[in-house]
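Asker:
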Amino acid sequence: MAQHFLLTQKAKTLSAFEIANISEAEAFDLLCEARWGSKENVVCSKCGVQHKAYFISIRKQWRCKHCHHTFSVTSGTIFANHKLPLKTYLYILIRFVNAVKGVSALEISRDAKINYRTAFVLCHKLRKALLESRDMQPLSGEVDMGGTYIHPAPRKANKKADRIDYRLKENQNPNKRCVVVAREHFSADEKAENSLYRGAKRSHVFVTYSETQSVVKNFAHAYIEKNSRINTDENTAYESLLLDYDLRTVNHKDEYRSDFGVTNNQAESFFSRFKRMYYGHVHKMSNTYLLNYANEIAYREDNRRKPNGWQFHDILGKCLETTNEQNEWCGYWQRKIFHQEVIWQ
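FYI, in the numbering used here the residues of the sequence shown are 1 to 345.
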């Protein structure tokens, strides 16, 4: 049996110990390298001109020669106006990367010895960067698609006589949501090229109230190329895809894999990791941020066979490319900007 990727040496190219022991100057250099490629030719966060700006060494800032704006390595990014040392952010990032099933804000707050509110906002800033930088190009080839429900029912009453039937529509939890995922497989040529190219390579997720034919059809037409092969379970919502796609189904009431080799295991793999984060780490997910959590797991699934050092630099780059404009996480606890739930309909 092949060795699991996380057990191989290739998976471990950067350790939390290395990041925890870097100096603040080294952390500053690392951020400059990740954002601009060097400390010499920098880009003004106001006018956008790349040049050799005047460096104010004491303040670790630059002054633009064109618009005379003073800026730092975090200006205009989600790390703008930061209060903690830069190396603390890098340490939290490597902890975020190494937690392959997600990490709670409470655990981050203990590891970095920071306030829970700070850890909560910072983790969501990382999720925001992942969400805004996701590749939304349509999927093609073989695609697995499925849905799972979150917050399906409230806790049952203590007395049996007081319990109600949550299967009835009037007793349904109003906070119930459905997370639907579509995952594109590696092609046969890609599998032949690299032994690590197995399973799914790219995922699209969305949150909706329920798996209905209209919701599934609209999403598929927007993000899955026509004539692609789509593998689903027995849910009748996917019957709407028969006209435009090569639809294959497996009845999970009878089997996990059909006699014709049809499964939607890549979608189930996503749900497995998602539920492990939900029940094992986070424990509570607001519907307002449900898409952020789901997209985080999509990123982890799609890059599950990438070294942790690669993931660290990739997420760091995404954070530095994510602007701070209309950032709902800036002043979150003062409720300066109210979040809106993202629902696909």
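Here a beta-carbon is modelled for each residue, glycine too, at the ideal position from N, C-alpha and C.
If you're wondering where the values come from, they're calculated on a predicted model, not measured in any experiment.
Apart from the five residues on each side of it in sequence, which residues of its chain come closer than 7 angstroms, Cβ to Cβ, to K318?
Answerer: Only A129, L130, S133 meet the Cβ criterion.
Asker: On the three-pair Cβ rule with 8 angstroms, is the region 115-125 touching the region 237-255?
Answerer: In short, these stretches do not touch, since the Cβ pair count stays below three.
Asker: Counting only the same chain and skipping the five closest in sequence on each side, list residues whose C-beta sits under 6 angstroms from that of R367.
Answerer: The question about residue 367 has no answer, for the chain in this structure spans 1 to 345.
Asker: Tell me whether A237 sits in a helix, a strand or coil according to DSSP, three-state version.
Answerer: Three-state DSSP puts A237 in a helix.
Asker: Tell me the rounded alpha-carbon separation between N41 and A112.
Answerer: Cα to Cα, N41 sits roughly 32 angstroms from A112.
Asker: Under the DSSP definition of a beta bridge, which residues are partnered with I224?
Answerer: DSSP, once it has assigned bridges, lists L139 as partnering I224.
Asker: How many Å lie between A27 and K87 at the Cα?
Answerer: The alpha-carbon atoms of A27 and K87 are separated by roughly 5 angstroms.
Asker: What are the complete beta strand (DSSP E) segments, minimum 3 residues, inside the region 191-221?
Answerer: With a minimum length of 3 residues, the continuous beta strand (DSSP E) runs that stay inside the region 191-221 are 200-208.
Asker: Using the three-state DSSP reduction, which class does D29 fall into: helix, strand or coil?
Answerer: It is helical.
Asker: Between G309, Q266, H283, which has its C-alpha nearest A298's C-alpha?
Answerer: Minimum Cα distance to A298 is reached at Q266.
Asker: Which first and last residues belong to the alpha helix (DSSP H) in which C319 is found?
Answerer: Element bounds for C319: 308-321.
Asker: My understanding is that R177 touches V207, with C-beta atoms under 8 angstroms, so please give their C-beta distance in whole angstroms.
Answerer: Yes, they are in contact, since the Cβ atoms of R177 and V207 sit about 6 angstroms apart, within 8 angstroms.
Asker: Ignore the nearest five residues each way along the sequence and tell me which others in S109's own chain have a CB closer than 6 angstroms to its CB.
Answerer: Excluding sequence neighbours, S109 sits near Y116, A119.
Asker: Residue range of the alpha helix (DSSP H) that E132 falls in?
Answerer: Segment 116-132, the alpha helix (DSSP H) holding E132.
Asker: For the candidate residues L290, L168, K306, whose alpha-carbon lies nearest to that of S195?
Answerer: Among L290, L168, K306, the Cα nearest to that of S195 belongs to K306.
Asker: In the DSSP assignment, the beta strand (DSSP E) including F55 goes from what residue to what residue?
Answerer: Taken as a continuous stretch (DSSP letters only), the beta strand (DSSP E) holding F55 covers 54-56.
Asker: Beta strand (DSSP E) containing N173: first to last residue?
Answerer: It is not in any beta strand (DSSP E) - N173 carries neither H nor E in the DSSP assignment.
Asker: Give me the residue from F274, N173, R35, I164 with the minimum Cα distance to G102.
Answerer: Selected option, being the one with the closest Cα: F274.
Asker: Classify Y91 as helix, strand or coil using the three-state DSSP reduction.
Answerer: Helix, per DSSP.
Asker: Less than 9 angstroms between the C-beta atoms of N175 and Y166, yes or no?
Answerer: Result no, Cβ atoms of N175 and Y166 do not sit closer than 9 angstroms.
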